[in-house]
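Asks: Below is the structure I would like to discuss, written out as structure tokens.
Residue numbers (this note's numbering): 442 to 1378.
Written out as structure tokens, the structure reads:
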């Protein structure tokens, strides 16, 4: 099979059918035209003359209407004289007149001899004879394909029209390709009387008519979808539809929607075959202009296309008319548009390759001079040989940036690859290669990595080359391949000097800090990072090292600011970790301002890997600050810059974890679970970012009440962080979350140990947000209200607003459930000072529920709790109490911030332990004996 299930023989048969079919197809949707033509024939029988033009696009059946009228006239004993224009005889003088006169016999012998003689005849031979015989015999003169008539025959027919009067029973019926609502121009020049003339324009078939035609040819009912597709593909042309449908039926297909691809293949081939035959009939000038139009598309007007075709002195109106008559183009002001994409493709196929390339080059130059859009110029340059002009590189680079911004990475790569074909200096070529490697990181990561390796190893002196090598290594690390980045930095350091060496040292230690093989011992040739570095990049990395270890907060802030204030003078990745380090010191607004500036810079730079990493960091900080709308926008932008499937295995877990956190906090638990259940690429588990994914999975498990699994996942997340020596609890508060799981599992001693450890580390770090959050968690564990000073800053200024608010919500939930309304009210008052940007978030809904319960009537307290309640876990007691109060499972789930499935599992376990079968048998109200520790992001 060759195309869409059709053999070459079947396709060929369809093309031959389209070219050789001589029998007229059924005249569908031509009732209005047929009615007018019947009137003409009837009037002719009564001795009244007429002039009728029938026009339409090629294949629309205007000539078929002419032939139908001729048959009708013959049936009514009207003499019919036929003329057919042809491409082969368009230069034969009086060729059409000779066709017209030949059937007249002896009367026309002398005029025919004059017309066929060597000399130009005087007057209008044969016209008097025709008019004389017509007075006795009503006559219908039909002209098919009048667009191909020679000029002398047109003059003769004009004279005939001028001589028509009411006493001459002759009707002239002209069929012509084109859309002429007022008839052919030569007929208008003849100025026939208005009462004698009619102009009919044949329209394309509607889907309804196409459905009827398909049913008639195929013998089975036609789908609406098939009819609509057939109408669109054929442009409503009866001739093309007849040929295609006959071939379609012979191939054994039925007119159903699932067979549309086969029909499209046939229609495309038939149109292409017609285009090929029509091309052979064009003049050299018309062919040259048509090729220029096919190359330039809609960029150049007709005059510029004539210039592109190399025509200096040409009658534009004549060329435009010829192309329109042949059915190739339609006029659009000063432009000509090729009607069908198939025709454009066939024209380009028939153009020799060398000529086609030269046309594209000249068209690009004309488009540049006409101030066309960069991408329009670039599309022409893709098919042209190297131009050797600076504007070509500029247009291709501009188009690369535009394609990259809209996410069309394949097209962006194509533009920049073509730009590299242009002659340019080595440094400019290297910068283009760097941009190309960034785009290839999305569609062809291995090719991009090879290109970056070449750039890092490229020799070259001077500051520009040094900056280029550093940027290349920076992009490698942005991709996430820290192991390879370390090795590349080690090799590059062997020949580096000055600021380049300082930056390479910083990037080496960045890779060491985040890569799978963490070590504080440098390899030979790599110096240790200074304790107080002056180089901005090294200051950023040192700030991050201290921050994740939870040491010397003041120096972290100082070093981070040094790195960030250097701006573009420092590589991107050290500035990103410096921004996060500064954020961890509680200088959140300042850090986020610097991060926003970096994102803006990277958007201009067209570097997908580094932009994506900056946006994911921005999303993480927005999540921590409870700005969930902004977080979702940032992570969406990150995936537009670098789709998730193209992230390096060592970097992908961070993206997936942030996505899951956002879904979880916006009450889309199923989406979070699906994200975290997605198989990760090999090698994912070897980087420090794997701990983020483990933490997110633990959060989902805790949300669903799978506390044993959650505990193990929180602990495993912590092990990965500690393996990297990341002890600061503000990086990921896995200890307090593991403590919560311990409480639900009944291991209070382990929970206390974890909370005490987190509080000690938070105090060592000294950031108010970290200390306040740890104190709050410790207070909840020891059955105390939040201690005074747990939040030394106003809550809206805390960078960890979401975590702090979640702890308060958990405490308020317990106090409301216990019935301690004053304490619950104080907690809700403090909680109301927090800002949550999504009104439908899990936290916002939880606060609304608590407020409603607090404002409702009090339930009489009952301190007597049955002994069976002691067998329940804290979560089961809390769930059972809410069920006893009459809340439905959905309301309980929203109140507690868990899934409905979790509520069902807790109640099922409760019923079993209490020996009951439904919530109506639950004992009187009881107080849970343990408190919840918060959900922490």
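Note that CB positions come from ideal geometry on N, CA and C, so glycine has one too.
All of these numbers come straight from a predicted model, not from anything done at the bench.
To the nearest angstrom, how far is it from the Cα of residue 507 to the Cα of residue 641?
Replies: Taking the chain shown and counting its residues from 1, one reaches residue 507 at position 66. Taking the chain shown and counting its residues from 1, one reaches residue 641 at position 200. A direct Cα-Cα distance of roughly 11 Å separates residue 507 from residue 641.
Asks: Does the contact criterion of 3 or more C-beta pairs under 8 Å hold for the stretch 845 to 854 versus the stretch 767 to 780?
Replies: no
Asks: Which whole runs of the alpha helix (DSSP H) in the stretch 514 to 579 are 4 residues long or more, in chain order?
Replies: 536 to 542, 550 to 557, 568 to 577
Asks: If we ignore side chains and look at the alpha-carbon of each, how far apart do residue 493 and residue 677 end up?
Replies: What you label residue 493 is simply residue 52 of the chain shown in a count that begins at 1. What you label residue 677 is simply residue 236 of the chain shown in a count that begins at 1. Distance between the alpha carbons of residue 493 and residue 677 is about 24 Å.
Asks: From which residue to which residue does the alpha helix (DSSP H) around residue 610 run?
Replies: Translated into the one-based positions of the chain shown, residue 610 becomes position 169. That residue, residue 610, is in no alpha helix (DSSP H); it is neither H nor E in DSSP.
Asks: If I measure Cβ to Cβ from residue 829 and keep anything under 8 Å in the same chain, skipping five residues before and after, which residues do I get?
Replies: Along the chain shown, read from residue 1 onward, the residue named residue 829 stands at position 388. Here the set comprises 863, 864.
Asks: Quick one: residues in its chain with C-beta nearer than 7 Å to the C-beta of residue 517, no 5 flanking neighbours on either side, listed in chain order?
Replies: As a first step, residue 517 must be located in the chain shown, where it is residue number 76. Within the same chain, residue 517 has close Cβ partners 482, 486.
Asks: Please work out which residues of its chain come closer than 7 Å, Cβ to Cβ, to residue 1301, disregarding the five sequence neighbours upstream and downstream, and give them in chain order.
Replies: In the chain shown, counting from the first residue as 1, residue 1301 sits at position 860. Residue placement at residue 1301 cannot be trusted, given a pLDDT of 42 that sits under 50; what the coordinates show is reported in the next sentence. Answer for residue 1301: no residue qualifies.
Asks: Measuring only the C-alpha atoms, how far is residue 708 from residue 833?
Replies: For the purposes of this step, residue 708 is taken as the residue at position 267 of the chain shown. For the purposes of this step, residue 833 is taken as the residue at position 392 of the chain shown. So the alpha carbons of these two residues sit roughly 38 Å apart.
Asks: Going by DSSP, name the residue or residues bridged to residue 771.
Replies: Here residue 771 is taken as the residue at index 330 of the chain shown, counted from 1. Note: residue 771 sits in a beta bridge opposite 778.
Asks: Extract the residue ranges of the alpha helix (DSSP H) inside the stretch 1014 to 1061, only unbroken runs of 4 or more that lie entirely within it.
Replies: 1029 to 1046
Asks: When burial is assigned at 16 or more other CB atoms within 10 Å of the CB, is residue 944 buried or exposed?
Replies: Numbered from its first residue, the chain shown carries residue 944 at position 503. Residue 944 should be labelled buried.
Asks: Tell me the DSSP bridge mates of residue 855?
Replies: On the chain shown, position 414 is the one that residue 855 refers to. Answer is none; residue 855 lacks a bridge partner.
Asks: Pull up the DSSP beta-bridge partners for residue 584, would you.
Replies: By one-based count along the chain shown, residue 584 stands at place 143. Bridge partners of residue 584: 524, 615.
Asks: Would you check if the stretch 582 to 592 and the stretch 534 to 542 touch, i.e. whether three or more CB-CB distances between them fall below 8 Å?
Replies: yes
Asks: So residue 1043 packs on residue 1052, CB below 8 Å; how close in whole Å?
Replies: In the chain shown, the residue the question calls residue 1043 occupies position 602. In the chain shown, the residue the question calls residue 1052 occupies position 611. The Cβ separation is near 4 Å, so the contact holds.
Asks: Helix or strand or just coil, what does DSSP make of residue 961?
Replies: As a working mapping, residue 961 is identified with position 520 in the chain shown. Bear in mind that a pLDDT of 49 at residue 961, under 50, signals an unreliable position, so the model cannot answer this.
Asks: Kindly indicate which residue of 1192, 1208, 1141, 1026 has the alpha-carbon position closest to the one of residue 999.
Replies: Stepping through the chain shown from its first residue, residue 999 is reached at position 558. Selected option, being the one with the closest Cα: 1026.
Asks: Would you say residue 548 and residue 574 are within 8 Å of each other, going by their C-beta atoms?
Replies: Indexing the chain shown from 1 puts residue 548 at position 107. Indexing the chain shown from 1 puts residue 574 at position 133. Taking 8 Å as the Cβ cut-off, residue 548 and residue 574 qualify as a contacting pair.
Asks: Does the Cβ-Cβ distance between residue 1148 and residue 1159 come in under 8 Å?
Replies: By 1-based counting over the chain shown, the position of residue 1148 is 707. By 1-based counting over the chain shown, the position of residue 1159 is 718. Not a contact, by the Cβ cut-off of 8 Å.
Asks: Determine the direct distance from the alpha carbon of residue 1094 to that of residue 1056, and round the result to whole angstroms.
Replies: Numbered from 1 along the chain shown, position 615 holds the residue referred to as residue 1056. Numbered from 1 along the chain shown, position 653 holds the residue referred to as residue 1094. About 15 Å.
Asks: For residue 761, does the three-state DSSP call read helix, strand or coil?
Replies: In the chain shown, the residue the question calls residue 761 occupies position 320. Annotated three-state conformation of residue 761 is helix, per DSSP.
Asks: Could you tell me the distance, in whole angstroms, from the CA atom of residue 815 to the CA atom of residue 836?
Replies: Here residue 815 refers to the residue found at position 374 of the chain shown. Here residue 836 refers to the residue found at position 395 of the chain shown. Between residue 815 and residue 836, the C-alpha separation is close to 5 Å.
Asks: With distances taken between CB atoms, is the gap from residue 1083 to residue 1123 smaller than 8 Å?
Replies: Translated into positions along the chain shown, residue 1083 becomes position 642. Translated into positions along the chain shown, residue 1123 becomes position 682. Taking 8 Å as the Cβ cut-off, residue 1083 and residue 1123 do not qualify as a contacting pair.
Asks: Would you mind reading off the limits of the alpha helix (DSSP H) that contains residue 1343?
Replies: What you label residue 1343 is simply residue 902 of the chain shown in a count that begins at 1. 1341 to 1355 is the extent of the alpha helix (DSSP H) around residue 1343.
Asks: Does DSSP put residue 899 in a helix, a strand or coil?
Replies: Within the chain shown, the letter at position 458 stands for residue 899. Residue 899 falls in the coil class under three-state DSSP.
Asks: Locate the alpha helix (DSSP H) running through residue 740, then write down its first and last residues.
Replies: If you number the chain shown from 1, residue 740 lands on position 299. Here residue 740 belongs to no alpha helix (DSSP H), and DSSP marks it neither H nor E.
Asks: Starting from residue 730, follow its DSSP beta bridges and name the residues at the other end.
Replies: As a working mapping, residue 730 is identified with position 289 in the chain shown. DSSP output for residue 730 lists no bridge partner at all.
Asks: Should the stretch 1138 to 1153 be regarded as contacting the stretch 1181 to 1201, the criterion being three or more beta carbon pairs within less than 8 Å?
Replies: yes
Asks: Out of 648, 714, 697, 503, which has the shortest C-alpha to C-alpha gap to residue 614?
Replies: The residue labelled residue 614 in the question sits at position 173 within the chain shown. Here the closest residue by C-alpha is 503.
Asks: Taking residue 1399 as the reference, which of 885, 878, 672, 625 has the closest Cα?
Replies: One cannot answer for residue 1399 here, as it falls past the ends of the chain, which runs 442 to 1378.
Asks: Provide the residue span of the beta strand (DSSP E) that contains residue 491, from first to last.
Replies: Working through the chain shown from its first residue, we reach residue 491 at position 50. Residue 491 -> beta strand (DSSP E) spans 491 to 497.
Asks: Whose C-alpha, out of 948, 689, 1208, 499, is nearest the C-alpha of residue 766?
Replies: Here residue 766 corresponds to residue number 325 of the chain shown, with the count starting at 1. Per the Cα distances, 499.
Asks: Please report how far the alpha carbon of residue 750 lies from the alpha carbon of residue 739, in whole angstroms.
Replies: By 1-based counting over the chain shown, the position of residue 750 is 309. By 1-based counting over the chain shown, the position of residue 739 is 298. The alpha-carbon of residue 750 is positioned some 15 Å away from that of residue 739.
Asks: Over the uninterrupted beta strand (DSSP E) stretch that includes residue 642, give me the two end residues.
Replies: Residue mapping note: residue 642 aligns to position 201 of the chain shown, counting from 1. Run containing residue 642: 638 to 642, per the beta strand (DSSP E) assignment.
Asks: Measure from the alpha carbon of residue 645 to the alpha carbon of each residue in 625, 658, 673, then state which is nearest.
Replies: To locate residue 645, count along the chain shown from 1; it is residue 204. Comparing Cα positions, the closest option is 673.
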